[in-house]
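Here is the structure we will look at.
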Amino acid sequence: MTTTLEQPKVDAAEPPPARKRWEPWALAALLVGTAVAYIWGLGASGWANSFYAAAVQAGSESWKAFFFGSSDAANSITVDKPPMSLWLMSLSVRVFGLSSWAMLVPQALLGVGSVALLYATVKRWFGAPAGLLAGLVLALTPIAVLMFRFNNPDALLVLLMIASVWATLRAVEDGRTRWMVLTGVFVGLGFLTKQLQVMLVVPPLALTYLVAGPPKFGKRLAQCLAALGAMIVSAGWWLLIVELWPASSRPWIGGSQNNSILELTLGYNGLGRLNGEETGSVTPGGGGRGDAAAAMGGAGDAMAGGGFPGGGAPGGGGMWGSTGITRMFESAQGGQIAWLIPAALILLVAGLALRGRAPRVDTQRASFLVWGLWLLVTGLTFSFMAGIFHAYYTVALAPAVAALVAIGSVTLWRRRATLWVRAVLAATLLATAAMSWGLLGRSASFVPWLEWTVVVVGVLAAVAVLVPALTRGRIAAVVALAALFIGLAGPTAYAADTIATPHTGSIVSAGPNVEGARGGPGGMGGPGGMDGAGRMGGRTDGAAVPTAPGGAVAGATDGAPAGAPDGMGGMGAMGGAAGGLLSGSEPGAELVALLEQDSGNYTWVAAAIGSNSASGYQLATEDPVMPIGGFNGSDPSPTLEQFQQYVADGKIHYFIAGGRGGGMGGDGTASEISTWVQENFTAATVDGVTLYDLTS
């Protein structure tokens, strides 16, 4: 037995153990368990994010809306992302009809696929135990549980990012160009899912292959250029078609101010996310959603960080929270992803040290390198980006954390005869227990016994790892199970809470309400703000908020959410019957019947300010509703003149007041349209919602 601090000798190849009979059964249990967890009670979330749900419905009715990712089947404006994630859900709705299940089951299956692909990627070079552990960690990561049960683009993005690593490591294994080309294809498809966010994984992929690829450096560089070309082709075909398509016969590009997909790519969804200068977005004093926040009294404070002591985000981070190296560990993000980040970083360093004597082309070291760079590049970008940032973005870290924990712990466990390796394992267990204790302690009423149990088991397991006799035989299995409990007890509790809780709205987060977060874990704070599930009502004790089907707050009237602060007025800037900036509208039966009356005679049965306001009416009637101004209500689509022409041509039946920004009626052209309608048509109230008949 080695008892010195010398680095143990590492073989050049170090193949994983031969396949065992239990492996297929264990994999089946992992995947079936993941599927059950992700599909269980899936319909409880209703339309989830109604902004995307409306686009899914539109794509199921119109192939043109399907191709562009339009918010409505009449193709007035698109969502503010490329449409690839919408395609899968729209196809499902085309086959099975419009329902929450038809829309969300594809997302759950993407989650199962992500777990399976991560298992396969890790197992190939580290064995089945490491693959199973990686898949289990990913499946139980709280924010992954939420995103694979929700209709945001992140579910498909995660799968494609894992696929790009799988292809790169296959290229490291045999040096074939086809694998690097496939890497580029996966990244390009990721671009069509969520634009520049997928580019965060490109530096890790390229650097890993340039360092560890088998061919000579010149060929490795050429292969990386081939991957770049494949990425450009796989993403560029759609961008080129959209850019060359006559603007007069396609929908407005949502999120852009000049009707340009390139502007959306480089601005609102690009550099603007890094420097905080997203034109038309939530910038206090700069138009967009920032104006809505200013008009909403207490809710506006929440958007500007009112959940933090003193009414602002710590570190001067403004409405998106503080920036800095600790951002992933703060109240809004910590419970989503941070449970195993310290362990992943420790095991990354130790794993690279253990593979230090391996050949340059060693695939196991390349695995540590690519997953480690993924975690560092993406984590640091999220930590310091000054623009729009939501807690659910951290799902992009989940595969890297899961892989590093799996390959690192299995690698070190196999070499636990060495003293320094045992010391690192003990330190990892203590760091993980401390992290769980801190995160669980932020929710005082949430399984209060668990935090101390994790600490006690963590200390005992760390001591046991240091004793050589306790890391052999059956006792070693007990120690390994204790380590598994330490790492997964907290995430599993959060995951169970997430599965049991419906989630709706544009800003959601996993797990229970958390002290110090903005209105719960990543939600909007303040009385009448959003709770941890992304619902309206402002509950802070973790109790469920009564909601109507689809997520509206029970008892809300005139568009105002229950418990809304006085500053919100009667139109509901954040939700309720008329909808608002972050929550879809919830029309009553009388209003739905009115909108459906003679609906075939109109291109749009109604128009409303903002995509979320329009979404509920569209989903209830399955008829096009024009979302004036797009998501923020600030896009110049349509102009006042265009809207007046639509009305003159009899294409729009009703204008529905309220919604985005409460009574403000949006920004720019949206405000002009709202004012023109109020001055020229007569208001009526139906089911607590103010609307105008544009044909009278």
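According to the UniProt record's numbering, the sequence shown is numbered sequentially starting from 1.
C-beta atoms are modelled at their ideal positions from N, C-alpha and C, and glycine is treated no differently.
Shortest Cα-Cα distance from Val454 to any of Gln195, Ala480, Gly473, Ala434 involves Ala434.
Distance from Phe148 to Gln107 at the Cβ level is roughly 6 Å; contact confirmed, criterion being Cβ atoms closer than 8 Å. Just measuring C-alpha positions, the residue of Thr639, Val447, Ala230, Ala128 sitting nearest Arg178 is Ala230. Taking a cut-off of 8 Å on C-beta distances, the region 19-29 does not touch the region 91-107, as fewer than three cross pairs fall below it. Given a length threshold of 4 residues, each whole run of the alpha helix (DSSP H) inside the region 586-669 is given here in chain order: 589-596, 611-621, 640-648. Membership of Tyr393 in any alpha helix (DSSP H) is not indicated, and neither H nor E is assigned to it by DSSP.
Check the Cα spacing between Ala366 and each of Gly324, Thr471, Tyr209: the tightest is with Tyr209.
Cα atoms of Tyr268 and Ala423: separation of roughly 47 Å, rounded to the nearest angstrom. Here Glu515 is exposed. Its C-beta has fewer than 16 other C-beta atoms within 10 Å.
Between Ala58 and Gln618, the C-beta gap is smaller than 9 Å, which places the two residues in contact. Taking all protein chains in view, the Cβ of Lys123 is crowded by 16 or more other Cβ atoms within 10 Å, so the residue is classified as buried.
Gly127 and Pro24 have their C-alpha atoms roughly 13 Å apart. In the pairwise beta carbon analysis, the region 434-445 is classified as touching the region 487-495: at least three pairs are separated by under 8 Å.
Per DSSP, Leu691 lies in no alpha helix (DSSP H); the unbroken beta strand (DSSP E) holding it starts and ends at 689-693. For Ala426, the enclosing alpha helix (DSSP H) covers residues 419-440.
For the set Gly408, Gly629, Gln597, the Cα lying nearest the Cα of Pro251 is the one of Gly629. The region 396-404 and the region 363-383 touch, with three or more beta-carbon pairs separated by less than 8 Å. In this structure, the alpha-carbon of Ser637 lies about 7 Å from that of Thr669. For Ile325, the number of other beta carbons within 10 angstroms of its own is below 16, and it is reported as exposed. Here the alpha carbon of Ala406 sits roughly 29 Å from the alpha carbon of Gln195.
When beta bridges are read from the DSSP output, Thr78 appears opposite Ser70. In the structure shown, Ala444 adopts coil according to DSSP, grouped into three states.
Between Gly184 and Ala227 a beta carbon distance of about 4 Å is seen, short of the 8 Å cut, so the two are scored as contacting. If you ignore the 5 residues before and after Glu61, its C-beta comes within less than 7 Å of the C-beta of Ala73, all in its own chain and listed in chain order. The region 407-417 makes no contact with the region 231-244, as fewer than three CB pairs between them are under 8 Å. Collapsing the DSSP output to three states places Thr685 in a strand. The residue among Leu581, Pro342, Val478, Val447 with its C-alpha nearest the C-alpha of Ser506 is Leu581. For Trp40, the secondary structure class from DSSP, reduced to helix, strand or coil, is coil. Burial check for Phe191: the Cβ neighbour count within 10 Å reaches 16 or more, so the residue is buried. Taking the C-beta atoms as reference points, Leu109 is found no nearer than 9 Å to Ala44.
By alpha-carbon distance to Leu466, the top candidate from Asn513, Arg415, Ala495 is Arg415. Per DSSP, Leu484 is one residue of the alpha helix (DSSP H) stretching across 473-500. Looking at the DSSP output, Trp252 bridges to Ile77. When the beta-carbon positions are compared, Thr682 and Ala657 stay at least 9 Å from each other. Arg176 and Leu207 have their C-alpha atoms some 17 Å from each other. Judged by DSSP secondary structure, Thr381 falls within the alpha helix (DSSP H) whose first and last residues are 363-384.
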